[in-house]
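Enquirer: My structure is below; once you've seen it, I'll send some questions.
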Amino acid sequence: MKTDEVRSRFLEFFEKRGHRIVPSDSLIPHNDPTLLFTGAGMNQFKEQFLGLRPLGFSRAATCQKCLRTGDLENVGVTPWHMTFFEMLGNFSFGDYFKREACEWAWQFMLEEMGQKPERMHATIYEQDDETFEIWNRLVGVPAERIWRFDDKSNFWPESAPTKGPNGPCGPCTEILIDTGASTVPDSSPRNDSSRFVEVW
1051 MKTDEVRSRF LEFFEKRGHR IVPSDSLIPH NDPTLLFTGA GMNQFKEQFL GLRPLGFSRA
1111 ATCQKCLRTG DLENVGVTPW HMTFFEMLGN FSFGDYFKRE ACEWAWQFML EEMGQKPERM
1171 HATIYEQDDE TFEIWNRLVG VPAERIWRFD DKSNFWPESA PTKGPNGPCG PCTEILIDTG
1231 ASTVPDSSPR NDSSRFVEVW
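Each residue of the sequence shown is one higher than the one before, starting from 1051 at the first, in the numbering used here.
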């Protein structure tokens, strides 16, 4: 599947679920002195997440052009680190929450991307029992394929639990695909990011 098709399937999927398709923001953020470049899809919505400026809609989906310099040392070393990339994102501004976000992410990966559920794993923040229950009981992910990680991996930004929030923050959840063979002993999402690749 080509990039254009992934992008269009994602945006159409969320448009059918009531999301406004919002164009990519500039790579150089306007009116945000805290950022040199746009590095994530949520950047253009910071004022909405902070409750400062409402939009005329409560759901959005984007394909955001991003430029990151924080992990330049990994560019060319791993097959998935790049300076420029497009980040797909779906956002809720006081509308839906964890349940719908998890259900729709899993549904998209199965129905639109053709992934097999037995190859998919979920990660959660170690203290986030609510999201564990959503993945396990509502979505149907077996407990042995739900991985609890600390704030370094599954809390955004990772410094918030120890240093305090500097803006929107909270636990996050991710979907990993098991690509198969590995040379890592006792390979798992905890120690093998070559085999278990984050896709959501």
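Cβ atoms here follow ideal geometry from the backbone N, Cα and C, with glycine treated the same way.
(1) Quick one: what's I1174 bridged to in DSSP?
(2) Who does T1128 pair with in a DSSP beta bridge?
(3) Label L1226 either buried or exposed according to how many other C-beta atoms from any shown protein chain fall within 10 Å of its C-beta, with 16 as the threshold for buried.
(4) Identify whether W1156 lies in helix, strand or coil by the three-state DSSP scheme.
(5) Could you tell me the alpha carbon to alpha carbon distance between P1235 and T1084, rounded to whole angstroms?
(6) Run the CB neighbour count on H1171, radius 10 Å, all protein chains shown included, and call it buried at 16 or more, exposed below.
(7) Span of the alpha helix (DSSP H) holding T1053?
(8) What residues match up with R1070 in a beta bridge as DSSP calls it?
(9) T1088 and C1116 look like a contact to me (Cβ under 8 Å); what is the Cβ gap, rounded to whole Å?
(10) Please go through the same chain and pick out, in chain order, the residues whose beta-carbon is closer than 8 Å to the beta-carbon of W1154, but skip the five residues on each side of it.
(11) Please report how far the alpha carbon of M1137 lies from the alpha carbon of E1176, in whole angstroms.
(12) To the nearest angstrom, how far is the alpha carbon of Q1165 from that of M1159?
(13) Which residues bound the beta strand (DSSP E) around E1224?
(14) Pull the bridge partners of L1138 from the DSSP assignment, please.
(15) Can you round the beta-carbon distance between L1105 and F1143 to whole angstroms, since I take them to be within the 8 Å contact cut?
(16) What's the call for D1054, buried or exposed, on a 16-neighbour Cβ count within 10 Å?
(17) Put G1144 into one of helix, strand or coil per three-state DSSP.
(18) Does DSSP put G1190 in a helix, a strand or coil?
(19) Where W1256 and C1222 are concerned, what is the direct C-alpha to C-alpha distance, given to the nearest angstrom?
(20) Starting from V1247, follow its DSSP beta bridges and name the residues at the other end.
Expert: The short version:
(1) Taking the sequence shown and counting its residues from 1, one reaches residue 1174 at position 124. As computed with DSSP, I1174 is found in a beta bridge with R1198.
(2) Residue numbering aside, residue 1128 sits at position 78 when the sequence shown is read from its first letter. Per the DSSP secondary-structure output, T1128 pairs in a beta bridge with V1125.
(3) Translated into positions along the sequence shown, residue 1226 becomes position 176. If you draw a 10 Å sphere on the C-beta of L1226, you find 16 or more other C-beta atoms in it, and that means buried.
(4) Start at 1 with the first residue of the sequence shown, and residue 1156 comes out as number 106. Here W1156 sits in helix by DSSP.
(5) Taking the sequence shown and counting its residues from 1, one reaches residue 1235 at position 185. Taking the sequence shown and counting its residues from 1, one reaches residue 1084 at position 34. Distance between the alpha carbons of P1235 and T1084 is about 42 Å.
(6) Here residue 1171 is taken as the residue at index 121 of the sequence shown, counted from 1. It counts as buried.
(7) Counting from one through the sequence shown, the residue named residue 1053 turns up at place 3. It spans T1053 to E1065 - the alpha helix (DSSP H) in which T1053 sits, taken as one unbroken run.
(8) Position 20 of the sequence shown, counted from the first residue, corresponds to residue 1070. Answer by DSSP bridge pairing, in chain order: A1110.
(9) Here residue 1088 refers to the residue found at position 38 when the sequence shown is read from its first residue. Here residue 1116 refers to the residue found at position 66 when the sequence shown is read from its first residue. Confirmed, Cβ separation roughly 6 Å.
(10) Here residue 1154 is taken as the residue at index 104 of the sequence shown, counted from 1. In its chain, beyond the 5 residues on either side, F1063, F1064, R1067 and N1140 have a beta carbon closer than 8 Å to the beta carbon of W1154.
(11) Stepping through the sequence shown from its first residue, residue 1137 is reached at position 87. Stepping through the sequence shown from its first residue, residue 1176 is reached at position 126. In a straight line, the C-alpha of M1137 is about 25 Å away from that of E1176.
(12) The count along the sequence shown starts at 1 and reaches residue 1165 at position 115. The count along the sequence shown starts at 1 and reaches residue 1159 at position 109. In a straight line, the C-alpha of Q1165 is about 6 Å away from that of M1159.
(13) As a working mapping, residue 1224 is identified with position 174 in the sequence shown. For E1224, the enclosing beta strand (DSSP E) covers residues E1224 to D1228.
(14) Taking the sequence shown and counting its residues from 1, one reaches residue 1138 at position 88. C1113, per the DSSP bridge assignment.
(15) The count along the sequence shown starts at 1 and reaches residue 1105 at position 55. The count along the sequence shown starts at 1 and reaches residue 1143 at position 93. L1105 to F1143, Cβ: 7 Å. Contact.
(16) Position 4 of the sequence shown, counting from 1, holds the residue named residue 1054. Exposed.
(17) Walking along the sequence shown from the start, residue 1144 turns up at place 94. Coil, per DSSP.
(18) Within the sequence shown, numbered from 1, the residue matching residue 1190 stands at position 140. Coil, per DSSP.
(19) Examination of residue 1256 is not possible in this model, given that the chain is present from 1051 through 1250 alone.
(20) Within the sequence shown, the letter at position 197 stands for residue 1247. Paired residues: I1227.
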